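Trainee: Structure provided below as structure tokens; questions to follow.
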Amino acid sequence: MGKVMFWFVAVFAASSLLLCAAAEGGKRVVVVWSEGTEPKNVYPDGIKGAIAEGLTKDLPDWEVVKGGLNDPDQGVPDDLLKRCDVLIWWGHQKHGLVKDELVAKIVKRVKEEGMGFIALHSSHYAKPNKALMATLVDDPNKAACSWGHYVADTTTTDVKVTDPKHPIAQGIQDFTCANEERYGDPYVVPKPLSVVFEGVSHMKNGQTERSQLGFTWEVGKGRMFYLQLGHESKPIFCDENIRKIMANAVKWAAPEKK
Ligand SMILES: [Zn+2]
Numbered sequence: 078m079g080k081v082m083f084w085f086v087a088v089f090a091a092s093s094l095l096l097c098a099a100a101e102g103g104k105r106v107v108v109v110w111s112e113g114t115e116p117k118n119v120y121p122d123g124i125k126g127a128i129a130e131g132l133t134k135d136l137p138d139w140e141v142v143k144g145g146l147n148d149p150d151q152g153v154p155d156d157l158l159k160r161c162d163v164l165i166w167w168g169h170q171k172h173g174l175v176k177d178e179l180v181a182k183i184v185k186r187v188k189e190e191g192m193g194f195i196a197l198h199s200s201h202y203a204k205p206n207k208a209l210m211a212t213l214v215d216d217p218n219k220a221a222c223s224w225g226h227y228v229a230d231t232t233t234t235d236v237k238v239t240d241p242k243h244p245i246a247q248g249i250q251d252f253t254c255a256n257e258e259r260y261g262d263p264y265v266v267p268k269p270l271s272v273v274f275e276g277v278s279h280m281k282n283g284q285t286e287r288s289q290l291g292f293t294w295e296v297g298k299g300r301m302f303y304l305q306l307g308h309e310s311k312p313i314f315c316d317e318n319i320r321k322i323m324a325n326a327v328k329w330a331a332p333e334k335k
């Protein structure tokens with residue numbers, strides 16, 4: 078091989094490698110997980126399907142992956158978790174079936190490696206949510222992750238933006254969404270960095286009650302967001318405002334690009 082040819086091949090090979098690296102590093106990954114108990118008449122492809130549909134439109138540069146409890150490795154195999162930038166979690170009746178081994182891996186990815194974690198509605202009691210919250214306190218009672226009350230007496234909730242400068246609130250004005258089940262304050266969790274949203278729920282008896290809806294924390298190197306809305310009987314995750322909140326939350330929770 079002549080000298081010129083050698084350099085041509087060498088430069089071509091080097092630039093190909095760079096291109097590959099750029100392509101691999103270019104797409105961020107969000108995994109949307111729901112346990113699979115969501116009613117098919119409201120969510121034909123589960124809550125994971127509805128959220129993924131919104132994120133695919135709102136975050137075209139992202140790879141959006143769906144996972145569920147009945148999938149191999151409970152929907153979050155090691156190789157996927159390793160490249161996941163943000164994990165979104167919706168669980169309700171089957172928290173206890175999620176393997177402790179998987180929970181420990183999720184906590185490690187958030188705390189030590191900066192993966193974002195978003196817990197939705199009844200995932201306040203999900204194992205990964207509770208385990209992550211527990212890392213922020215010395216007394217487990219301060220991270221019970223319980224709400225004051227749980228009541229299916231609601232028609233709509235008026236969502237109020239309480240931290241308008243927060244990236245998760247960008248482009249969101251106060252709005253109203255259908256909501257059958259609300260949780261009442263207090264949410265027993267470590268002090269959040271921000272309460273981005275609060276809500277006023279309209280009850281079927283004509284009364285209203287205010288409660289906190291959206292919270293953020295930092296857990297080690299990772300960011301966490303919890304949204305109280307998301308009961309499975311209404312298509313809340315098809316609401317345009319909720320979808321915008323989800324896309325904003327994913328961008329906010331993602332670690333900085335390496
Ligand atoms: Zn619910």
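Residue numbers for the sequence shown follow our numbering, so the first one is 78 and each next one is one higher.
Beta carbons: idealized from backbone N, C-alpha and C, even for Gly.
It should be emphasised that the depicted structure is a prediction, and the values quoted were computed from it without experimental measurement.
For D316, which residues in the same chain have their Cβ closer than 6 Å to its Cβ, ignoring the five residues on either side in sequence?
Mentor: Here the set comprises C254.
Trainee: Using DSSP bridges, identify the partner residues of L304.
Mentor: Partner(s): L197, G291.
Trainee: D138 to K125, Cα distance in whole Å?
Mentor: Computed Cα separation, rounded: 19 Å.
Trainee: Do L290 and L270 count as a contact pair if the criterion is CB distance below 8 Å?
Mentor: No; because the gap between Cβ atoms is not below 8 Å, this pair is not in contact.
Trainee: Since V163 and V107 should fall inside the 8 Å C-beta cutoff, what is the C-beta to C-beta distance between them, to a whole number of angstroms?
Mentor: Going by Cβ atoms, the distance from V163 to V107 rounds to 5 Å, so yes, they are a contact pair.
Trainee: Report the CB separation of A221 from W166 in whole angstroms; it is logged as a contact under 8 Å.
Mentor: The Cβ separation is near 18 Å, so there is no contact.
Trainee: How about A324 and I195: are their beta carbons less than 8 Å apart?
Mentor: No, the Cβ-Cβ distance between A324 and I195 is not below 8 Å.
Trainee: Do the region 222–230 and the region 261–276 make contact, defined as three or more Cβ pairs closer than 8 Å?
Mentor: Output reads yes: the region 261–276 touches the region 222–230.
Trainee: What does the alpha-carbon distance come out to for the pair P332 and D230?
Mentor: So the two alpha carbons sit approximately 38 Å from each other.
Trainee: Under 8 Å between C-beta atoms, does G145 make it to chain C?
Mentor: Absent here is chain C; the protein component of the structure consists of one chain.
Trainee: I'd like to confirm something about S199: is its beta-carbon nearer than 7 Å to some heavy atom of ligand 1, or not?
Mentor: Result yes, Cβ under 7 Å from ligand 1.
Trainee: Return yes when at least one heavy atom of ligand 1 lies under 7 Å from the C-beta of H308, else no.
Mentor: Yes - ligand 1 has a heavy atom lying nearer than 7 Å to the Cβ of H308.
Trainee: For E258, which option in S310, G193, L132 has the closest C-alpha, if you only look at C-alpha atoms?
Mentor: Selected option, being the one with the closest Cα: S310.
Trainee: With DSSP collapsed to three states, give me the class of I165.
Mentor: The answer is strand: DSSP assigns I165 an E or B state.
Trainee: Rounded to whole angstroms, what's the CA-CA distance from M280 to D155? Just pull it up for me.
Mentor: Their Cα atoms are separated by approximately 44 Å.
Trainee: Just confirm the distance between the C-beta atoms of E140 and K104, as a whole number of angstroms; I'd bet it's less than 8 Å.
Mentor: Contact holds; Cβ gap of about 5 Å.
Trainee: Would the C-beta of E115 count as close to ligand 1, meaning under 7 Å from any of its heavy atoms?
Mentor: No, the Cβ of E115 stays beyond 7 Å of every heavy atom of ligand 1.
Trainee: Is E258 near ligand 1, going by C-beta to nearest heavy atom under 7 Å?
Mentor: Yes.
Trainee: What is the rounded straight-line gap between the Cα of T133 and the Cα of V109?
Mentor: Whole-angstrom Cα-Cα distance: 11 Å.
Trainee: Starting from the Cα of K171, find the closest Cα among D177, L146, K188, G131 and give me that residue.
Mentor: Comparing Cα positions, the closest option is L146.
Trainee: According to the Cβ coordinates, are V238 and D251 closer than 8 Å?
Mentor: Yes, these two residues count as a Cβ contact at 8 Å.
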